[in-house]
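In the numbering used here, the protein residues as written are 8 to 265.
Where is the CB? At the ideal position from N, CA and C, for every residue including glycine.
Only a predicted model underlies this, so the values are computations on that prediction, with no experimental measurement involved.
Notes to accompany the following structure.
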């Protein structure tokens with residue numbers, strides 16, 4: 008399999024790991040710079056066994072190359088409106104409302120809300136906002152000409168919930184290939200490896216709905232047990248310091264070489 012990797016991914020400090028892993032595994036790859044306003048990938052290859060990796064931009068644009076396999080998994084079952092039907096209350100943010108980013112909506116005194124993009128996953132990073140923080144963010148986002156946020160961009164809003172620890176799992180062919188914590192909250196003790204009950208929960212979710220042949224699932228432990236934080240496209244999911252990138256790449260090559 009041949010990898011096409013986006014070079015200009017500035018938000019992920021561990022992005023370089025894919026280059027180290029591809030070199031160590033002696034896998035052919037090319038590097039491409041993509042302007043944020045690009046409408047198609049300006050890249051030519053005779054290879055069909057192409058896998059793309061980088062930002063949401065390359066994942067989205069690679070869908071145009073329908074003869075690439077596996078190419079990109081962007082869209083489809085990754086949409087909340089699809090996977091929420093299967094995972095239901097196993098989702099951290101299950102009860103949501105959907106709005107245009109420019110809409111006004113009500114806030115209670117001292118309320119915080121969890122707000123994230125609805126269908127364009129990475130136009131901004133979902134997080135907890137106060138009313139003032141949200142209004143400031145929207146004003147600056149709509150004034151800026153350097154992002155893809157418009158007045159019509161859809162957001163999803165849910166009640167902010169406390170998480171104890173959060174982990175990212177890389178899933179290929181229905182199997183969890185790698186997993187590691189990226190966040191410990193409050194006084195949660197540090198753990199080197201994701202706990203067995205976390206893996207058990209994730210496997211139950213995969214059995215409920217094996218969303219795609221390769222995808223990323225972020226899970227968290229809450230006061231109500233384990234929940235899914237969100238589902239991410241494997242072509243544009245960032246690495247963390249503890250991600251075993253070589254294992255993920257090897258699993259992709261083995262699975263998609265059948």
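{"Check": "Given residue 228, which residues of its chain have a CB within under 6 Å of its CB, disregarding the five upstream and five downstream residues?", "Outcome": "171 and 172"}
{"Check": "In three-state DSSP terms, what is residue 212?", "Outcome": "helix"}
{"Check": "Smallest Cα separation from residue 209: which of 185, 196, 230 and 113?", "Outcome": "185"}
{"Check": "Which full runs of the alpha helix (DSSP H) of 4+ residues lie inside the region 63-124, going along the chain?", "Outcome": "63-69 and 87-94"}
{"Check": "Please report the Cβ distance between residue 125 and residue 98, rounded to the nearest whole angstrom; I am assuming they are in contact, meaning their Cβ atoms lie under 8 Å.", "Outcome": "Contact flag wrong, Cβ pair sits at about 14 Å."}
{"Check": "DSSP has residue 137 in a bridge; who is on the other side?", "Outcome": "119"}
{"Check": "The beta strand (DSSP E) that contains residue 174, what's its start and end?", "Outcome": "172-179"}
{"Check": "Comparing alpha-carbon positions, which option in 119, 223 and 256 lies nearest residue 80?", "Outcome": "223"}
{"Check": "Kindly give me the distance between the Cβ atoms of residue 90 and residue 238, rounded to whole angstroms, as I take these residues to be in contact under 8 Å.", "Outcome": "6 Å"}
{"Check": "Inspect the beta-carbon positions of residue 219 and residue 180 and report whether they are closer than 8 Å.", "Outcome": "no"}
{"Check": "I'd like the span of the beta strand (DSSP E) that includes residue 263, first residue to last.", "Outcome": "Looking at the DSSP string, residue 263 is not in any beta strand (DSSP E); the run it does join, the alpha helix (DSSP H), is 252-263."}
{"Check": "Count the C-beta pairs between the region 105-117 and the region 41-58 that are closer than 8 Å, then say yes if the count reaches three, no if not.", "Outcome": "no"}
{"Check": "According to DSSP, which residues form a beta bridge with residue 37?", "Outcome": "11"}
{"Check": "Report the partner residues of residue 185 according to the DSSP bridge assignment.", "Outcome": "177"}
{"Check": "Taking just the CA atoms, how far does residue 150 sit from residue 158?", "Outcome": "10 Å"}
{"Check": "What number of angstroms, rounded off, separates the C-alpha of residue 140 from the C-alpha of residue 110?", "Outcome": "15 Å"}
{"Check": "Below 8 Å, can you find three or more Cβ-Cβ pairs linking the region 24-36 to the region 245-255?", "Outcome": "yes"}
{"Check": "Keeping to the same chain, check which residues put their C-beta closer than 8 Å to that of residue 183; ignore five residues upstream and five downstream.", "Outcome": "176, 177, 206, 209, 210 and 213"}
{"Check": "For residue 108 and residue 148, I'd like the C-alpha separation in whole angstroms.", "Outcome": "10 Å"}
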